[in-house]
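In UniProt numbering, the protein residues as written are 1 to 484.
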């Protein structure tokens, strides 16, 4: 009678192999902010990294193929007046990215094809509403132009980016740590400093479910799984790091609750809904643990841990459509080092065959919205559109981000400090000043010429003789004390 000790799984032999330094990104002034954020966002075209910048907030946007040492004068996205705290690429347009900042403003940027050639300071859209810093941004998974932001004013705002209007406002009693949409974007889960987990209707802001989460006072996070369950990470009263699987209808009674270790770093969950893989890492840690989630007990199965010698300051995960199916790459992480390096770490399943592996690559999230913003606002829900990776991902040409400016929005926009267009600019003022000085000099030259003629007539030509005498043999002229 045989007895299987090791659980049979197609991901049992997954391994991570860091890329060579030439294939990574170096010489980056990575932000030193203590905010619990990834500070890194990736799509199949660009890598975005929040950096340390003087005089306001900024982040880098680098085309993926431009690996190696980043020039110190590389163009930045630098329109924020406060430090950038979070960034998120639009899932339906790889050239559009949203950013949240300490200045309380959420901005949406359009990155030109091929990357930046000069610093970008003018956003496509500015979303005003938060009274204090904005620390979280996240796009809707299936509806176009729907964005959420969370701020230190204890409010989550749902935006229609196309019009700049707030669709709903979700009030909280304390600082918001994390927000996550469910599979089709009909619900929203948040975690808060009061240790409670809340589920909202994002259209109306109505609270649907509320319950106690992890017991520890440190930040906790919650994400939706594809089947509707919640995966939470947090701390116990004894500062032990934990993860838990919960039903939405019984959040307070977790299906499972497991302890990982006892350290201070806040866990960041990365979830692959295609194959139900979970990756856990934390700022300050030097490892990535990964698990497989199944429908049978014990539900979350530990696979392995990627170990390294350098701790991470942030971490980003490539969408599945950006992975290399030819090498059986099932995930790719971008790890931010404190010493200015962004390290690329592919996770690969070893396979002998070069054929497309259907079991590793079921249909994944496409870059096409299922519904429009207006349809979602009116109450329609739709699952995300899926695409096959069998023939590889071919990016399609996307329409430019279009916004509709309404008069009531402009009326509610805060006034800016810069001068109006009717007033002359500083350059025009300088040109006018130069023009006046030239006129004055011409008048003085004419007056001097008249005075010299009068003086010459009175001295009988002696003035001209004296001027010639001041010229030496080399043709150099010695000026009189009163000459210019």
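Heads up, the beta-carbon is just placed ideally off N, CA and C, and yes, glycines get one too.
Measuring from the CB of residue i, is there a heavy atom of the ligand FMN at a distance below 7 Å?
i, result
"residue 83", "This structure simply doesn't include the ligand FMN, nor any ligand for that matter."
Residues in its own chain within less than 7 Å of residue i by CB, not counting five upstream and five downstream?
i, result
"residue 406", "With a pLDDT of 42 at residue 406, under the threshold of 50, the predicted position of this residue should be treated as unreliable, and no value is reported."
"residue 3", "Annotation note: pLDDT 41 at residue 3 (below 50); position unreliable, no value reported."
"residue 318", "42, 332"
"residue 325", "356, 361, 389, 392"
"residue 238", "none"
"residue 205", "168, 169, 170"
"residue 126", "105, 107"
"residue 38", "268, 314, 315, 316"
"residue 386", "363, 364, 365, 366"
"residue 266", "36, 218, 219, 282, 283"
Grab me the residues of residue i's own chain with a C-beta within less than 6 Å of its C-beta, minus the 5 sequence neighbours each way, in chain order.
i, result
"residue 350", "13"
"residue 281", "268, 288, 315"
"residue 381", "184, 186"
"residue 424", "Residue placement at residue 424 is poorly supported in this model, since its pLDDT is 46, which falls under 50; the coordinates are not used for a value here."
"residue 75", "116, 118, 119"
"residue 157", "129, 149, 166, 169"
"residue 271", "223, 278"
"residue 487", "Residue 487 is absent from the structure shown; the chain starts at 1 and stops at 484."
Please state whether DSSP places residue i in a helix, a strand or coil.
i, result
"residue 442", "helix"
"residue 488", "Residue 488 falls outside the range modelled here, since the chain spans only 1 to 484, and no answer is possible."
"residue 485", "Not covered by the structure: residue 485. The range shown for the chain is 1 to 484."
"residue 14", "coil"
"residue 501", "The structure shown does not extend to residue 501, since the chain is modelled only from 1 through 484, so no value can be given for it."
"residue 99", "strand"
"residue 106", "strand"
"residue 51", "strand"
"residue 245", "strand"
"residue 421", "Reliability of the predicted coordinates at residue 421 is poor, the pLDDT of 40 falling under 50, and the value obtained from them is presented with this limitation in mind. Residue state, collapsed to three classes: coil."
"residue 457", "helix"
"residue 325", "helix"
"residue 116", "coil"
"residue 257", "strand"
"residue 287", "strand"
"residue 428", "helix"
"residue 376", "helix"
"residue 351", "coil"
"residue 339", "coil"
"residue 8", "coil"
"residue 272", "strand"
"residue 26", "strand"
Only counting the same chain, and skipping five residues up and downstream in sequence, which positions put a Cβ closer than 8 Å to that of residue i?
i, result
"residue 299", "245, 255, 256, 293"
"residue 132", "104, 151, 152, 153"
"residue 9", "292, 301, 303"
"residue 174", "154, 192, 193, 194"
"residue 70", "25, 26, 27, 28, 60, 62"
Where DSSP assigns a beta bridge to residue i, which residues make up the other side?
i, result
"residue 346", "332"
"residue 301", "292"
"residue 63", "46"
"residue 317", "333"
"residue 387", "364"
"residue 40", "49"
"residue 447", "According to DSSP, residue 447 bridges with nothing at all."
"residue 282", "267"
"residue 250", "247"
"residue 494", "The chain is shown only over 1 to 484; residue 494 falls outside these bounds and no answer can be derived."
"residue 277", "272, 292"
"residue 357", "Per DSSP, none; premise fails for residue 357."
"residue 125", "108"
"residue 82", "Residue 82 is not bridged to any residue."
"residue 181", "188"
- [ ] Indicate whether the contact test is met: 3 or more Cβ pairs, each with one atom in the segment 16 to 26 and one in the segment 335 to 354, closer than 8 Å.
- [x] yes
Open item on the list: Quick check: the segment 240 to 253 against the segment 206 to 215, are at least 3 beta-carbon pairs closer than 8 Å?
Closed with: At 8 Å Cβ cutoff, the stretches touch.
Open item on the list: What ranges does the beta strand (DSSP E) occupy inside the UniProt repeat "WD" (127 to 169), keeping only unbroken runs of at least 3 residues that lie completely in it?
Closed with: 134 to 139, 146 to 151, 155 to 160
Task: beta strand (DSSP E) runs contained entirely in the segment 200 to 238, provided each spans 3 or more residues - done: 207 to 212, 221 to 224, 230 to 235
- [ ] Examine the Cβ distances between the segment 50 to 57 and the segment 361 to 380 and report whether three or more of them are shorter than 8 Å.
- [x] no
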